[in-house]
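Working notes, beginning with the structure itself.
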Amino acid sequence: MKAGESLYQIDPATYQASYESAKGDLAKAEAAAKISQLTLNRYKKLLGTQYISQQDYDTALADAQQTNAAVVAAKAAVETARINLAYTKVTSPISGRIGKSSVTEGALVQNGQTNALATVQQLDPIYVDVTQSSNDFLRLKQELANGTLKQENGKAKVELVSNDGIKFPQAGTLEFSDVTVDQTTGSITLRAIFPNPDKNLLPGMFVRARLEEGTNPNALLVPQQGVTRTPRGDASALVVGADDKVETRNITATQAIGDKWLVTDGLKAGDRVIITGLQKVRPGAQVKAQEVKSDDKQQAAAGGQSEQTKS
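Mapping of the sequence shown onto the UniProt record's numbering: position 68 corresponds to residue 68, and the numbering continues sequentially without gaps.
Below is the structure:
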């Protein structure tokens, strides 16, 4: 379905008659205005002589003004009738896919009815509504403002995963955020736009969205099993030093990303964090560390996952 394509044709007979009647009224109003203006012009030449009084001239002037106003009103009536006649041909306002029709040929429809004749929905591109907690949203804005996080091309990247774990091939971008917070959930709605050439995404589907808020070049991703917290919530990690001795390192872990912590302070690239056998080692102990292979990059991209619906 393309924008402007015809969907329905409403019987135009009544509206066509109203349009023709309005044009006739306009012609009569224009004729009356012409006569009034000619009379006024003649009276104007005679004003100041003994052949016409000031009152007669004032009356002719008022008549001319009234007939001119009647022409303006008649033109407006013609335009209204033309618009109503054009509405008898129902066209698609957007390109997309049309659903089932709620009316059949010969059905009675009327102006202002609440039931739509049909629904046309845009599928390519398609909008995705994502919810994020207001606290995370404020943190994101602050980190973007102070330069801690950086975004490419000024827009955040969004990826979608279906409930069965299948990743959609097309990535989207964040378009805008809502201006109000849901008082019940304390969350704010973000809207992303996705290319959908294969029409795999449909309105009403639930998927999992991963929002890449930005890139922190100074942060690291550390497996959660390698980070411990005190009763006060302070985070620390056991690190193997250059002399293969274990040392405790106090760190700042700001948020969880998947099964890892986003660490912004206390560790640097190349540090060896102990993630297994923590019960067997103590600070100062001599150890023989073995590197665990990981496909994750050490430069962290802050993001999260949540279940959302298409709109």
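No residue lacks a Cβ here, since even glycine has one placed at the ideal position from N, Cα and C.
Taking residue i as the reference, give the member of the options with the closest Cα.
{"i": "R208", "options": "S187, V158, T264", "result": "V158"}
{"i": "P197", "options": "Q122, D136, E247", "result": "Q122"}
{"i": "K167", "options": "R210, A74, K75", "result": "R210"}
{"i": "S177", "options": "K44, L190, S102", "result": "L190"}
{"i": "D124", "options": "G226, E20, N200, F206", "result": "N200"}
{"i": "T14", "options": "A289, T180, Y87", "result": "Y87"}
{"i": "A17", "options": "T49, Y51, N84, L47", "result": "N84"}
{"i": "D136", "options": "T254, S92, Q290, A269", "result": "T254"}
Looking only at its chain, what residues have a beta carbon closer than 6 Å to the beta carbon of residue i, apart from the 5 residues adjacent to it on each side?
{"i": "G172", "result": "V158, A192, I193, F194"}
{"i": "residue 314", "result": "A question about residue 314 goes unanswered here, because the residues of the chain that appear run from 1 up to 311."}
{"i": "S36", "result": "D63, A64, T67"}
{"i": "A70", "result": "A29"}
{"i": "V181", "result": "S134, I188"}
Across which residues does DSSP place residue i in a beta bridge pair?
{"i": "A237", "result": "V227, R249"}
{"i": "Q55", "result": "Q55 pairs with nothing; no bridge assigned."}
{"i": "I98", "result": "V120"}
{"i": "I166", "result": "DSSP lists no partner for I166."}
{"i": "Q255", "result": "L262"}
At what residues does the beta strand (DSSP E) containing residue i begin and finish?
{"i": "A192", "result": "187–194"}
{"i": "D129", "result": "126–133"}
{"i": "D25", "result": "That residue, D25, is in no beta strand (DSSP E); its alpha helix (DSSP H) goes 13–46."}
{"i": "L174", "result": "172–177"}
{"i": "D265", "result": "260–265"}
{"i": "Y8", "result": "6–9"}
{"i": "V90", "result": "89–91"}
For residue i, which residues from the same chain have a beta carbon less than 8 Å from its beta carbon, with the 5 sequence-adjacent residues on both sides left out?
{"i": "Q224", "result": "A256, D259, K260, W261"}
{"i": "V109", "result": "I10, V103, L117"}
{"i": "K293", "result": "none"}
{"i": "G303", "result": "The predicted model places G303 with a pLDDT of 41, which falls under 50 and marks its position as unreliable, so this point remains unresolved."}
Might you give, ordered along the chain, the residues of its own chain that have their beta carbon closer than 7 Å to the beta carbon of residue i, omitting 5 neighbours on each side?
{"i": "K89", "result": "S6, Q9"}
{"i": "P12", "result": "L85, T88"}
{"i": "D265", "result": "I251, T252"}
{"i": "T248", "result": "S236, L238, P283"}
Tell me, please, whether the stretch 71–80 touches the stretch 1–9 by the rule of three or more beta-carbon pairs shorter than 8 Å.
Cβ pair count under 8 Å is below three, so no.
Is the stretch 134–141 touching the stretch 219–237, taking contact as three or more C-beta pairs under 8 Å?
No contact exists between the stretch 134–141 and the stretch 219–237.
Can you confirm whether the stretch 264–283 touches the stretch 227–242 when touching is taken to mean that 3 or more C-beta pairs between the two stretches lie within less than 8 Å?
Touching, yes, given that three or more Cβ pairs across the two stretches are closer than 8 Å.
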